[in-house]
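First up is the structure itself, then whatever we jot down about it.
Residue numbers (the numbering used here), protein chains in the order written: chain A, 1 to 295; chain B, 1001 to 1104.
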């Protein structure tokens, strides 16, 4: 039983993270006889469910505690505002003004902790999003995080999504784009990271940012080039100079785009693509076995 | 009355800083004492919530009226809640001294 956590990330948006995640999942579901979970951590716009067409089995809320300040009992000492690392408490002593800025609050609880007055700060629940679990027609599972509209805090939703996954399964985790906190939360405990990029100046620029971050985290990774044939050769030169493994190339092909836009699974439509993804997994396995032999 | 504007530098000849929450300095003119003063914006490098933090500083400095070419939504509601008069104003050519004297 393989228990790998394979994250799929990119830096640049729209390079094909979801395509690679979904197609790798369908490939493994065919070649491995074990539990596999597909995890959608792109919580601001999760879209894997459009391809997997599963049945929603359970939903749980993601909640943080935010402060409510009783202005009649408050002594306006300002300790709570000073303790807040996120500037979420507006406080001006001279005009006895205090207010919680809910959008900025991260729910850390520091304000309640430092408040010396009884019953001034009470906490209320704020819903940040949900974690949905789907059972899929091919027997696998999809765990999906989804943030509430108008909420900016993705990290707790991603954390709870990952917690809802099964440690005894092989997990393929679709990360959000970018290189900021939500991406770090998604990939920080991955065994292997597939970086999906495209051979354009934008793709290369964001790939470099992403690789700089991953190297700091000390994670194993390799690169998939999507839309190969587009752009220039700079990305290949970069990978060679940096000694980074090119795991797979997906050609810039109208037929692939058509299959994708119809919500179909490429590896189920094109046998050569199934072979490619099988080979991709073999390469990942070699990388991960190397890690084992190091121990 | 004290009127304020964000400034790029700490001088009367500075141009206005188009940003409020992350503007570099506040230039303030006191119409009673006829004095100018300059203050570094403590919130300019804040990770988040720069607007409301800068609004706190504006109130602490005793400002009544504030000019900026843009107020963010969080800054605007914070300033509103503390009774600061806001004026949308934009001019890249004039000095902050000219702007404050013309609008006080």
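Every residue gets a Cβ at the ideal spot worked out from N, C-alpha and C, and that includes glycine.
Source: prediction; values computed, not measured.
- Sorting 153/A, 78/A and 162/A by C-alpha distance to the C-alpha of residue 105/A places 153/A at the top.
- For the 7 Å CB-CB criterion, residue 16/A and residue 226/A form a contact.
- Burial state of residue 1013/B is exposed, judged by a 10 Å Cβ sphere holding fewer than 16 other Cβ atoms.
- Shown here, residue 106/A sits in coil according to DSSP, grouped into three states, outside any helix or strand.
- When 36/A, 138/A and 211/A are compared, the shortest CA-CA separation from residue 178/A is found for 211/A.
- Judged by DSSP secondary structure, residue 25/A falls within the alpha helix (DSSP H) whose first and last residues are 17-31.
- Interface residue (Cβ-Cβ distance to chain B less than 7 Å): residue 97/A is classified as such.
- Using a CB distance cut-off of 7 Å, residue 86/A counts as an interface residue toward chain B.
- For residue 243/A, no alpha helix (DSSP H) run applies, since DSSP gives it neither H nor E.
- Listed in chain order, the non-local C-beta contacts of residue 240/A below 7 Å within the same chain number zero, local neighbours out to five positions each way being set aside.
- The secondary-structure analysis by DSSP pairs residue 1029/B across a beta bridge with 1003/B and 1036/B.
- Those residues of the segment 1058-1081 of chain B placed with their C-beta closer than 7 Å to a C-beta in chain A are 1059, 1060, 1074, 1078 and 1081, ordered along the chain.
- Contact of residue 1056/B with chain A is assigned, a C-beta pair being separated by under 7 Å.
- Close to chain A, meaning a Cβ-Cβ distance shorter than 8 Å, are the following residues of the segment 1017-1048 of chain B: 1043, 1046, 1047 and 1048.
- For residue 208/A, the enclosing alpha helix (DSSP H) starts and ends at 201-217.
- The residue from 18/A, 26/A and 4/A with its alpha-carbon nearest to that of residue 269/A is 26/A.
- In the same chain as residue 68/A, and ignoring 5 residues on each side of it, the C-beta atoms closer than 8 Å to its own belong to 100, 121, 122, 123 and 124, in chain order.
- Taking the Cα of residue 1015/B as reference, the smallest distance to any Cα among 1050/B, 1068/B, 1076/B and 1051/B is reached at 1068/B.
- According to the DSSP secondary-structure assignment, residue 51/A is paired through a beta bridge with no residue.
- Contact note: residue 1012/B does not reach chain A at a C-beta cutoff of 9 Å; the least C-beta distance is about 27 Å.
- In the DSSP assignment, residue 161/A falls within the unbroken alpha helix (DSSP H) covering 155-163.
- Among the residues of chain A, those whose CB is under 9 Å from the CB of residue 1053/B are 87 and 90, following chain order.
- Taking a C-beta cut-off of 8 Å against chain B, none of the residues of the segment 150-167 of chain A qualify.
- Collapsing the DSSP output to three states places residue 1098/B in a helix.
- Taken residue by residue, none of the segment 111-144 of chain A has a beta-carbon sitting less than 9 Å from a beta-carbon on chain B.
- Within the same chain, Cβ atoms closer than 8 Å to the Cβ of residue 204/A are found at 197, 234, 235 and 238, the five residues on either side in sequence being excluded.
- Counting only runs of at least 4 residues, the segment 271-295 of chain A fully encloses the following alpha helix (DSSP H) elements, listed from N- to C-terminal order: 271-294.
- Among the CB atoms of chain B, one or more fall inside 7 Å of the CB of residue 101/A.
- Closer than 7 Å to the CB of residue 104/A there is at least one CB belonging to chain B.
- When the beta-carbon positions are compared, residue 1010/B and residue 1029/B stay at least 7 Å from each other.
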